[in-house]
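In this note's numbering, the protein residues as written are 94 to 432. A virtual CB, placed ideally from N, CA and C, is assigned to each residue, including glycine.
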């Protein structure tokens, strides 16, 4: 049995989409047990509209919800009866729970994971690692994309090690690891970038470091993992998402601008559909907080049932692939080689 706790009141579409995704997950996997946290009577009412094995779902009553505009630290400390805090407490106290999923406030999820679950032994800083589709139909990832604004070279080295272990669990055999920089030449960048470059180049962790990467090549498919600090990583992620969104909007407006464009678009309908599907975040789960004692997945705030289903399957894959144990072993090898 794989036990996962889900913050049922986190996100824009909670709890209906959360429950729908959870039911879909357990109906397709009899080994799952999902614990939902939130207002019990509301969850029971939503669940009453579905057919499922009730032994695979349990509920922890939580009367409060942490919003995006609250101070993350204060909310975690003060709102002890919130769906997120109850989920984190459950993950911490129940040894059988392998991980937690929430689409709630990113700051609260990260802060709560630090405070409640804690870091794995040897981890300097946990890092947020999302999966992004590429132009070649493969995936790439950014580590970190928002958990750590100020980073030392040693942190970035660990991000590479943890991200490398994560991608291997996802089936990427020999992840190509790159360092985000202002140029691809080895000597480019500030002092920290140069120091990090040397750490990655000479790492004893057996990562496949392929050098520096410029931001414009994120979706090229030539890299599997991009290592950077949380500030630059977050800017990279959001600017890329924004560029794709605006490009699709421009294409849509241009198609509507003339009769002949509309006719041409009819013949390319399948192509446009495939492009949209390829860049649909719901197909790739949520961002994983690497380095915590339990698996933590931060789902998109506007997640639908499909995305929650994907996130649950994502946790199952990581649990079965023993991600936490693999990260721990990889870090231990590096520490031993440095002694």
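Is any non-hydrogen atom of the ligand SAM found closer than 6 angstroms to the C-beta of residue 308, if you look at the structure I gave you? The ligand SAM is not among the ligands present in this structure, which contains no ligands whatsoever.
Closest by CA to residue 253, which one among 238, 266, 270 and 261? 270
Does the distance from the C-beta atom of residue 319 to that of residue 235 stay below 7 angstroms? Cβ atoms of residue 319 and residue 235: closer than 7 angstroms.
Candidates 296, 317, 204 and 305, of which the one nearest residue 228 by Cα: Ranking 296, 317, 204 and 305 by Cα distance to residue 228 puts 317 first.
When you compare the region 203-221 with the region 240-248, are there three or more beta-carbon pairs, one atom per stretch, that lie closer than 8 angstroms? yes
Where residue 344 falls: helix, strand or coil (DSSP): helix
Residues near residue 381 in its chain [Cβ-Cβ closer than 6 angstroms; skip 5 each side]: 222 and 390
Around the C-beta of residue 331, are 16 or more other C-beta atoms found within 10 angstroms, so that it is buried, or is it exposed? exposed
Which residues in the same chain as residue 425 place their Cβ atom closer than 8 angstroms to its Cβ, once the five residues preceding and following it in sequence are excluded? 215
Out of 291, 267, 268 and 266, which one is the CA nearest neighbour of residue 278? 291
Cβ distance (whole Å) where residue 404 is taken to contact residue 210 below 8 angstroms: Not quite, the Cβ-Cβ distance comes to about 17 angstroms (not below 8 angstroms), so this is no contact.
Can the beta-carbon of residue 195 be found less than 7 angstroms from the beta-carbon of residue 298? no
Residue 164 to residue 201, Cα distance in whole Å? So the alpha carbons of these two residues sit roughly 8 angstroms apart.
Reference residue 126, options 108, 368 and 146, closest by Cα: Closest option to residue 126, Cα to Cα, is 146.
Going by C-alpha distance, which of 257, 100, 420 and 136 is nearest residue 198? 100
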